[in-house]
Amino acid sequence: MSDLILQTSQLTKEFKGFTAVSKVDLAVRRGSIHALIGPNGAGKTTCFNLLTKFLKPTSGSIRFNDVDITHEAPAQIARRGVIRSFQISAVFPHCTLLENVRIGLQRQLGTAFHFWTSENTLNRLNDRAMELLTEVGLQDMADEVTVNLPYGRKRALEIATTLAMEPELMLLDEPTQGMGHEDVDRVTQLIKKVSAGRTILMVEHNMKVISTIADRITVLQRGAVLAEGGYEEVSRNPQVMEAYMGT
Ligand code: ADP
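In full-length UniProt numbering, the protein residues as written are 1 to 247.
Rendered as structure tokens:
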């Protein structure tokens with residue numbers, strides 16, 4: 001198997017003549033934390049939408065684990081293990097944390113909302129949900145109602161529900177957005193922890209987070225790749241400095 005878990009080739013998305021993503025070659029190494037960065041409007045969200053097939057590319061291709069998935073449906077891609085973190089709104093606010101993760105597990109098994117789930121199965125699912133909550137450090141809050149959770153902890157819950165889908169490649173959408181320092185540090189460490197045995201591609205604006213955990217960075221500007229490399233290399237690139245600072 002190749003070193004690369006995900007590879008796009010000349011990936012392009014046009015909206016009525018406007019090119020939002022332009023001939024992007026993205027190469028994500030297996031087991032790495034890869035950050036996708038760039039100023040607002042650079043095409044990061046569109047890229048994520050193309051990778052999960054929420055949007056269809058205009059041209060170009062996407063390979064996952066050496067298989068061309070360009071024309072696969074979103075559900076097929078999710079089954080292969082490409083999972084985008086759920087937005088907080090996708091978590092049921094009036095369920096407990098444990099119930100939310102269990103629903104994620106049931107969804108993965110295709111048994112969500114079945115009333116005839118046996119007690120045995122339910123116990124096994126609850127045990128697994130508890131393991132996942134423990135993995136993200138929320139075990140003590142398992143029986144709390146989700147709506148009462150502080151914001152930073154909701155992102156941790158979102159990561160637990162994503163893990164329930166058994167991701168091989170996790171796509172994280174601005175995981176530290178809107179957080180205070182303490183929560184940022186906690187979520188940064190959590191991402192590092194859950195990256196063990198998985199690959200993470202994340203859109204992130206916080207440079208401290210990126211310098212702490214990203215193995216590789218791709219910088220987008222106006223839909224195209226401006227630079228690619230490690231943090232030191234990318235942060236010293238004059239074109240990147242110009243794109244960010246206008247210097
Ligand atoms: P980023 O996530 O880096 O901020 P986006 O991927 O959201 O950037 O957007 C890239 C560009 O594509 C922006 O100029 C945006 O206005 C445009 N765009 C995104 N989605 C659409 C759409 N559905 N229709 C038209 N233009 C879009």
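Just so it is clear, CB atoms sit at the ideal spot from N, CA and C, and this is done for glycine as well.
Residue i - DSSP class collapsed to helix/strand/coil
{"i": "R20", "result": "Residue identity check: residue 20 is Ala in the sequence provided, not Arg. Three-state result, A20: strand."}
{"i": "H181", "result": "helix"}
{"i": "residue 249", "result": "Because the chain spans 1 through 247 in this model, residue 249 falls outside it and cannot be assessed."}
{"i": "R63", "result": "strand"}
{"i": "I69", "result": "coil"}
{"i": "L138", "result": "coil"}
{"i": "L51", "result": "helix"}
{"i": "A90", "result": "helix"}
{"i": "G229", "result": "strand"}
{"i": "S235", "result": "helix"}
{"i": "L149", "result": "coil"}
{"i": "A243", "result": "helix"}
{"i": "T121", "result": "helix"}
{"i": "S85", "result": "coil"}
{"i": "T58", "result": "coil"}
{"i": "R216", "result": "strand"}
{"i": "A129", "result": "helix"}
{"i": "E14", "result": "strand"}
{"i": "S211", "result": "helix"}
From the options, residue whose alpha carbon lies closest to that of residue i
{"i": "I83", "options": "L169, G60, P175", "result": "L169"}
{"i": "V91", "options": "L26, R107, L157", "result": "L157"}
{"i": "E14", "options": "H94, D68, L4, C47", "result": "C47"}
{"i": "I5", "options": "N65, I33, P57, I37", "result": "N65"}
{"i": "residue 287", "options": "A196, T161, S32, G223", "result": "There is no way to answer for residue 287, as the model of the chain reaches only from 1 to 247."}
{"i": "N123", "options": "V194, E233, E99", "result": "E99"}
{"i": "K16", "options": "P57, L138, T70", "result": "P57"}
{"i": "residue 249", "options": "S118, G38, A164, S32", "result": "Nothing can be reported for residue 249, as the shown portion of the chain is limited to 1 through 247."}
{"i": "A224", "options": "Q139, F18, S22", "result": "S22"}
{"i": "I159", "options": "N148, V147, E174", "result": "E174"}
Cβ distance (whole Å) where residue i is taken to contact residue j below 8 Å
{"i": "L55", "j": "I62", "result": "L55 to I62, Cβ: 12 Å. No contact."}
{"i": "A42", "j": "Q239", "result": "So it is not a contact: roughly 13 Å between Cβ atoms."}
{"i": "G81", "j": "T12", "result": "Not a contact, Cβ separation roughly 25 Å."}
{"i": "S32", "j": "L171", "result": "In fact, because the Cβ distance is near 13 Å, the residues do not count as touching under 8 Å."}
Cβ-heavy atom distance, residue i to ligand 2, below 6 Å
{"i": "K44", "result": "Looking for ligand 2 in the displayed structure turns up nothing; the ligands present are ligand 1."}
Notebook entry, point to check: Are three or more beta carbon pairs between the region 174 to 182 and the region 94 to 107 nearer than 8 Å?
Noted result: Contact between the region 174 to 182 and the region 94 to 107 is absent, because fewer than three Cβ pairs lie under 8 Å.
Margin query: With a threshold of 8 Å, are at least 3 pairs of Cβ atoms found where one atom belongs to the region 70 to 80 and the other to the region 126 to 141?
Written below: no
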